[in-house]
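Below: one structure, written as structure tokens.
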Amino acid sequence: MMLYILLIIGLVIYEYPIFAYRVILKNITHGEDNFAIKKSIHNDRHMKKYESLSDDIIELNIGGQKMSTLRSTLTAVPNSKLSLMFSKDNTKTILPIDKQGAVFFDYNPIYFNYLLDQLRTIKRMSKASGYQLQFSPPFINSHMNFTHMLVDLGLTPDYFLSPMEGTHINLTVNSLAGWQECYRSTYAVPFDLSVLTKACNGSRLLVACRPVNHKKMFTLAAIGEREDILHPCLPKQCKINTKSKKKNMKLICSSRYQCITQAKRGVGWYHVNNQTWGFVRGSLSFVVNPCDASNLDSDYRLCWSSQLERKQGGGDRCGSAKNLQNSNKWERLIYYIN
Numbered sequence: 000m001m002l003y004i005l006l007i008i009g010l011v012i013y014e015y016p017i018f019a020y021r022v023i024l025k026n027i028t029h030g031e032d033n034f035a036i037k038k039s040i041h042n043d044r045h046m047k048k049y050e051s052l053s054d055d056i057i058e059l060n061i062g063g064q065k066m067s068t069l070r071s072t073l074t075a076v077p078n079s080k081l082s083l084m085f086s087k088d089n090t091k092t093i094l095p096i097d098k099q100g101a102v103f104f105d106y107n108p109i110y111f112n113y114l115l116d117q118l119r120t121i122k123r124m125s126k127a128s129g130y131q132l133q134f135s136p137p138f139i140n141s142h143m144n145f146t147h148m149l150v151d152l153g154l155t156p157d158y159f160l161s162p163m164e165g166t167h168i169n170l171t172v173n174s175l176a177g178w179q180e181c182y183r184s185t186y187a188v189p190f191d192l193s194v195l196t197k198a199c200n201g202s203r204l205l206v207a208c209r210p211v212n213h214k215k216m217f218t219l220a221a222i223g224e225r226e227d228i229l230h231p232c233l234p235k236q237c238k239i240n241t242k243s244k245k246k247n248m249k250l251i252c253s254s255r256y257q258c259i260t261q262a263k264r265g266v267g268w269y270h271v272n273n274q275t276w277g278f279v280r281g282s283l284s285f286v287v288n289p290c291d292a293s294n295l296d297s298d299y300r301l302c303w304s305s306q307l308e309r310k311q312g313g314g315d316r317c318g319s320a321k322n323l324q325n326s327n328k329w330e331r332l333i334y335y336i337n
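This is the structure in structure tokens:
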């Protein structure tokens, strides 16, 4: 009996290391499998990430110098020409390709690389309208050539401004881009010219009018640079009243002002101090008393009178609609850009 017990104990001692080794080996094998699976998943993810990234890597040849950047950098400014060129949905623009398959641009590589750095900064910023973006050249003396490159790529502020110039009838509000409203009032309120130096102090103005219930469209609008919008009319014509006695001779001045406009980008602005402000289309000669009452090209004529002239009738107009100076049914609007 004792011999039988010793035999069993010996067998257990002999088999245990083998069993333990098998358990350890199994655990190691299982661990290796897990590691292999994890490694495989990691590799798959890495490959997918790499493939996705490769789709967005753009190879460029800028004036003979090779560059690489992300598609997101080239499309950092939405609706620019550059962004549309490299949009994944671009099916219209055919880009020039070199022998190695890189997109070729005939620009100074220093300028373009400097532009890329600024685009990388922009894509990390909160969204800003294209008109608010300002790109700076790498050197002071490179401003002209750098600007030409920006114009080609649709990255200048004016590219994002609509409309940019001229007189317009039936201009839809939805077509405005880059403009900010700074003034609105009905024609019943006398126009105060000081608004042009206060709320509407931008470098360029869009001046418009419409019926108050036409919220989606301007009847008439025009765009002007600040330095052009206050073109003065000629002084009043005065003469001495020769019929009076010599001691009581007085100057007799006409109640009218002669205005001769000089078209700036298609708009002829005019201004009579403390009396009238307005525009016509092109270069014209006419009189105001206190406003412009001409029927020539009437759809493109706007006139706003000041408070001092209300007693004389005003004569405010919006296109062919005249004598609006006391109307609550028509409104004036001014938009500006900096």
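Each residue of the sequence shown is one higher than the one before, counting from 0 in numbering that gives the first Met the number 0.
Each residue gets a CB set at the ideal place from its N, CA and C atoms; glycine is no exception.
Between residue 332 and residue 317, the CB-CB gap reaches or exceeds 8 Å. Per DSSP, the unbroken beta strand (DSSP E) holding residue 275 starts and ends at 275 to 280. For residue 258, the pairing in a beta bridge is given by DSSP as 285.
With fewer than three CB-CB distances shorter than 8 Å, the region 283 to 298 does not count as touching the region 170 to 189.
Along the length of the region 61 to 100, whole beta strand (DSSP E) runs at least 3 residues long occupy 64 to 69, reported in chain order. In the three-state reduction of the DSSP assignment, residue 115 falls in the helix class, which pools H, G and I. Looking at 192, 255, 305, the one whose alpha-carbon comes closest to that of residue 284 is 255.
Taking a 10 Å sphere around the C-beta of residue 155, we find 16 or more other C-beta atoms and assign the residue as buried. For residue 112, the closest C-alpha among the options 72, 227, 336 is that of 72. Comparing alpha carbon positions, the residue from 86, 77, 62, 110 closest to residue 56 is 86. Collapsing the DSSP output to three states places residue 299 in a helix. The DSSP-derived three-state label of residue 223 is strand. Annotated as proximal: residue 157 and residue 163, with beta-carbon spacing under 8 Å. Going by DSSP, residue 266 is part of the beta strand (DSSP E) stretching over 266 to 271. The beta carbons of residue 291 and residue 281 sit about 14 Å from each other, so the pair does not count as a contact at 8 Å.
Within the region 152 to 235, the complete beta strand (DSSP E) segments of 3 residues or longer fall at 166 to 171, 179 to 185, 203 to 210, 216 to 224, listed in chain order. For residue 332, the uninterrupted beta strand (DSSP E) segment begins and ends at 329 to 336. Residue 323 is not bridged by DSSP to any residue. Listed as beta-bridge partners of residue 317 by DSSP are 301, 320.
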